[in-house]
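Undergrad: The following block contains the structure, expressed as structure tokens.
There are 2 protein chains.
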Amino acid sequence: MTSSDYLHSTFLLASSASIPNVRPNPLVGAIVVSETGSIIGSGYHQQYGGPHAEVFAIQEALTVQDDLSKCTLYVSLEPCSHTGKTPPCTELILKHKIPRVVIGSMDPNPLVSGASYLAANGVIVEECFLPELETLNEVFFLNQKLKRPKYILKSAITLNGKIADRNGESKWLSNSQSRNFVHQVLRKNVSAILTTAKTVIKDNATLNCRVEGNDPVELNLVVIDKNLDSLKPKNKQLKIFYKRTNSKIYLVTALASEAFEKYDVPENVIIVSIPMPNGVCDLNILNSYLLQNKICEVLIEAGGTLNAAFLEFNCVDELYLFICPSILADNKALNVFNSAIAQNMSGSKKLQLISTQSFDSDVLLRYRFLH
Amino acid sequence: MTSSDYLHSTFLLASSASIPNVRPNPLVGAIVVSETGSIIGSGYHQQYGGPHAEVFAIQEALTVQDDLSKCTLYVSLEPCSHTGKTPPCTELILKHKIPRVVIGSMDPNPLVSGASYLAANGVIVEECFLPELETLNEVFFLNQKLKRPKYILKSAITLNGKIADRNGESKWLSNSQSRNFVHQVLRKNVSAILTTAKTVIKDNATLNCRVEGNDPVELNLVVIDKNLDSLKPKNKQLKIFYKRTNSKIYLVTALASEAFEKYDVPENVIIVSIPMPNGVCDLNILNSYLLQNKICEVLIEAGGTLNAAFLEFNCVDELYLFICPSILADNKALNVFNSAIAQNMSGSKKLQLISTQSFDSDVLLRYRFLH
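Line by line, the protein sequences give chains A and B. Under my numbering, the first residue of the first sequence is numbered 1, with each subsequent residue one higher. Under my numbering, the first residue of the second sequence is numbered 372, with each subsequent residue one higher.
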């Protein structure tokens with residue numbers, strides 16, 4: 001077996017973890033290979049705050065043989081050299097005199113720098129980057145690099161870019177297959193849905209994750225709600241206020257805390273006060289707040305104004321667009337991106353098509369933004 | 372061989388004709404099969420005004436044997452029983468005592484009614500409809516049924532339905548592969564391109580058919596030009612005024628003929644005066660005029676106002692939409708359908724997706740309208 005083969009095994013191990021259990025950490029797998037080429041230990045990071053993949057792999061290897069001084073450790077992500085929730089893995093590697101470490105992808109966090117630390121301490125460090133490992137931890141890498149959640153924007157539009165008629169009526173543009181895909185695929189792995197109070201009040205959707213044959217799964221919700229309209233007495237029965245046991249609603253308001261002390265705040269609803277100079281909210285502050293609260297990947301399901309604001313601030317990474325087989329020619333029908341800012345053709349946002357998929361007469365186009 | 376097999380042969384024969392040579396007639400193929408099952412005559416309609424398929428097939432059969440009284444005639448479309456440009460085929464069939472005729476599709480023109488005429492005269496008439504024959508003469512059938520050309524609307528849009536920025540700049544939304552497809556496939560078989568003087572003057576496109584490795588092919592052009600702006604002296608050099616030898620420009624104006632007598636009209640430019648009560652033009656009059664001038668299939672390549680007007684009057688049959696990987700969030704960017712008329716979601720136009728095709732990051736969605 002080649003290094004790539006062993007590293008692909010660490011990819012499969014890493015992939016077996018539950019994403020929500022691990023976040024905001026990356027998915028990591030590791031194996032210890034003996035001098036004869038046998039895999040004598042393997043493990044993966046299972047739980048945020050719990051042991052790293054290397055710990056499991058080395059512990060298992062030690063049950064096979066005491067001496068690891070002729071073994072190789074394959075690890076899907078650069079080992080850490082700092083003390084976070086757990087002691088640094090580099091010390092464990094050095095302690096057991098593992099002479100060679102092969103790494104499948106690098107950790108962008110400068111605090112990690114395990115590779116150079118190991119090399120400085122006499123370990124042979126090889127880098128053998130696998131594309132599947134880049135993809136696996138795409139959200140983690142993006143969080144590290146951009147200091148914000150990964151944002152996926154989803155919308156269902158007429159083939160001419162409208163999300164609703166001039167009265168705001170949008171039911172049902174997309175077909176049931178498309179709507180099922182949203183639950184089964186898009187909502188399944190994200191940390192939260194982001195929307196606006198306007199959308200929440202107008203559509204009164206539950207915004208959880210429902211897959212046929214399974215119980216509904218709760219989903220964190222981030223609601224941009226400048227004046228805390230969703231807390232008004234008439235909105236008490238909104239479906240988003242279902243009984244939550246392991247999720248929260250973050251109501252983002254422009255009001256200062258003194259102003260909302262009077263509100264009757266339901267359980268599991270957290271009010272976040274963020275200035276809204278541009279009408280949406282200061283995205284730098286929001287981004288930091290969300291990341292601190294382990295909200296690493298966010299699905300935007302909102303109206304055209306919020307969509308355009310996130311777009312303008314380059315806070316959209318992927319777009320899932322359901323093109324539905326209808327036309328609203330009315331100029332006052334609502335646009336999927338709704339901005340009053342003048343924009344020349346040369347200033348248009350550019351994207352890369354990732355895939356196309358048909359659900360009967362709906363077509364799902366998936367794009368990546370070229371920031 | 373079954374009747375379907377013989378009729379499929381007539382489909383292949385019919386398909387070998389040049390569409391522009393035959394229009395406004397349908398494509399038709401015919402074969403004469405002897406009592407032993409051999410094909411002893413075959414033919415297809417080659418040229419508008421020339422002999423019908425049945426004539427060629429029967430003539431060839433007569434070179435093999437004088438007596439056709441035990442043969443079967445297979446014909447892709449119901450034979451005619453009236454005198455048009457040529458004598459009725461039913462008389463030829465009766466004259467040669469052909470006892471059995473198998474028909475692959477019916478002619479919607481009530482003047483044709485060859486099947487009942489033959490049956491009334493003792494011929495065994497069988498109908499065996501093949502889907503490929505319906506598709507083959509789709510334009511002809513539509514012309515007969517709706518008394519207008521078939522209209523195909525083509526547009527290249529941002530993924531949110533814009534065709535240009537607020538200044539009208541549209542170059543280049545779609546990529547070169549998409550633009551080549553327009554020439555190689557869409558413009559190739561249509562009788563004319565329909566557009567507006569505004570588009571012609573702004574884009575100054577040639578609007579002919581250019582396929583790499585071939586000489587450019589002329590294309591009829593229908594230009595909605597209310598005030599004959601394209602004939603103004605400053606527009607003399609517009610590329611559409613290339614030297615035409617076998618095509619025409621139809622300038623559709625709201626002006627009465629006295630008003631445009633003063634204009635210096637280039638060769639092969641025909642001015643058509645049609646009332647424009649709705650700002651575009653009376654589509655019933657335009658449709659009759661175009662059909663009379665053998666313009667059976669029209670490609671609409673225009674701006675949002677004309678697109679919406681044709682849409683409103685149910686004068687679009689197919690839509691070819693190139694979804695380009697960019698976003699113009701600006702509300703003042705130009706819409707692919709631009710209408711001031713209020714429209715509810717329930718009144719939106721409904722379509723059926725026919726196919727999807729990718730050209731790099733452009734996606735071509737092809738729809739049929741459900742009128």
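From the three backbone atoms N, C-alpha and C, an ideal C-beta is built for every residue, glycine too.
#1: Please state whether the Cβ-Cβ distance between residue 98 of chain A and residue 71 of chain A is less than 8 Å.
#2: Among A/106, A/129, A/126, which one has its Cα closest to the Cα of residue 145 of chain A?
#3: Does any CB atom of chain B fall closer than 8 Å to the CB of residue 198 of chain A?
#4: Please tell me whether residue 532 of chain B has its Cβ less than 8 Å away from any Cβ of chain A.
#5: Between residue 721 of chain B and chain A, is the shortest Cβ-Cβ distance under 8 Å, so that the two count as touching?
#6: For residue 678 of chain B and residue 589 of chain B, what's the separation of their Cα atoms in angstroms?
#7: How close, in whole Å, do the beta carbons of residue 426 of chain B and residue 381 of chain B come, if the pair is a contact with beta carbons under 8 Å?
#8: Going by DSSP in three states, residue 343 of chain A sits in which element: helix, strand or coil?
#9: Helix, strand or coil: how does DSSP classify residue 536 of chain B here?
#10: Which residue's Cα is closest to the Cα of residue 366 of chain A: A/238, A/181, A/257, A/100?
#11: Return the bridge partner residues of residue 737 of chain B from the DSSP annotation.
#12: Does the beta carbon of residue 280 of chain A come closer than 8 Å to any beta carbon on chain B?
#13: Measuring only the C-alpha atoms, how far is residue 358 of chain A from residue 186 of chain A?
#14: Which residues in the same chain as residue 641 of chain B place their Cβ atom closer than 8 Å to its Cβ, once the five residues preceding and following it in sequence are excluded?
#15: According to DSSP, which residues form a beta bridge with residue 187 of chain A?
#16: With a threshold of 16 other CB atoms inside 10 Å of the CB of residue 741 of chain B, please say whether the residue is buried or exposed.
#17: What do you reckon, are the CB atoms on residue 28 of chain A and residue 52 of chain A nearer than 8 Å?
#18: Whole angstroms is fine: what's the gap from residue 372 of chain A's alpha carbon to residue 87 of chain A's?
#19: So, residue 525 of chain B versus residue 683 of chain B, is the Cβ gap smaller than 8 Å?
#20: Exposed or buried, which one is residue 12 of chain A when buried takes at least 16 other CB atoms within 10 Å?
#21: Give, in chain order, every residue of the segment 707 to 735 of chain B whose Cβ lies closer than 7 Å to some Cβ of chain A.
#22: Just confirm the distance between the C-beta atoms of residue 150 of chain A and residue 281 of chain A, as a whole number of angstroms; I'd bet it's less than 8 Å.
#23: With three or more C-beta pairs closer than 8 Å as the rule, is the segment 691 to 709 of chain B touching the segment 343 to 350 of chain A?
#24: Would you kindly work out how many angstroms separate the C-alpha atoms of residue 598 of chain B and residue 605 of chain B, rounded to a whole number?
#25: List the endpoints of the continuous alpha helix (DSSP H) containing residue 121 of chain A.
#26: Would you list, in sequence order, the uninterrupted alpha helix (DSSP H) runs of no fewer than 4 residues that lie entirely inside the segment 101 to 140 of chain A?
#27: What does the Cβ neighbour count give for residue 482 of chain B, buried or exposed, with the cut at 16 atoms within 10 Å?
#28: If we count the other Cβ atoms within 10 Å of its Cβ and call it buried at 16 or more, is residue 611 of chain B buried or exposed?
#29: Under three-state DSSP, which class holds residue 701 of chain B?
#30: Closer than 8 Å by C-beta to residue 68 of chain A: which residues in its own chain qualify, once you throw out the five before and the five after it? Chain order, please.
#31: Taking a contact to mean a Cβ-Cβ separation below 8 Å, would you say residue 571 of chain B touches residue 594 of chain B in this structure?
#32: Going by the beta-carbon positions, is the gap between residue 164 of chain A and residue 372 of chain B smaller than 8 Å?
#33: Which residue spans inside the segment 265 to 309 of chain A form an unbroken beta strand (DSSP E) run of at least 3?
#34: Whose Cβ in chain A lies nearer than 9 Å to the Cβ of residue 536 of chain B?
#35: Which of the three DSSP states is assigned to residue 4 of chain A in this structure?
#36: What residues of chain A sit near residue 704 of chain B, judged by a beta carbon separation below 8 Å?
TA: In short, the structure shows the following:
#1: yes
#2: A/106
#3: no
#4: Chain A contact via Cβ: present.
#5: yes
#6: Going from the Cα of residue 678 of chain B to the Cα of residue 589 of chain B covers about 24 Å.
#7: That belief does not hold up - the Cβ atoms of residue 426 of chain B and residue 381 of chain B are roughly 14 Å apart, past 8 Å.
#8: In the structure shown, residue 343 of chain A sits in coil (DSSP, three-state: anything other than H, G, I, E or B).
#9: coil
#10: A/181
#11: B/691, B/726
#12: no
#13: 16 Å
#14: 619, 620, 621, 622
#15: According to DSSP, which records beta bridges pairwise, residue 187 of chain A is partnered with nothing at all.
#16: exposed
#17: Result yes, Cβ atoms of residue 28 of chain A and residue 52 of chain A sit closer than 8 Å.
#18: Since the first and last residues shown for chain A are 1 and 371, residue 372 of chain A lies out of range.
#19: no
#20: exposed
#21: Correct list: 707, 708, 709, 710, 711, 712, 713, 714, 715, 716, 719, 720, 721, 722, 723, 724, 727, 729, 732, 734.
#22: About 18 Å separates the CB atoms of residue 150 of chain A and residue 281 of chain A; that is not less than 8 Å, and the two are not in contact.
#23: yes
#24: 14 Å
#25: Run containing residue 121 of chain A: none; DSSP gives neither H nor E here.
#26: 114 to 120, 131 to 136
#27: exposed
#28: By the 10 Å Cβ count, residue 611 of chain B comes out buried.
#29: strand
#30: 32, 58, 61, 62, 96, 97, 98
#31: yes
#32: No, these two residues do not count as a Cβ contact at 8 Å.
#33: List check, beta strand (DSSP E) in window: 269 to 273, 297 to 300.
#34: Chain A residues near residue 536 of chain B: 342, 343, 344, 345, 346, 347, 348.
#35: helix
#36: 343
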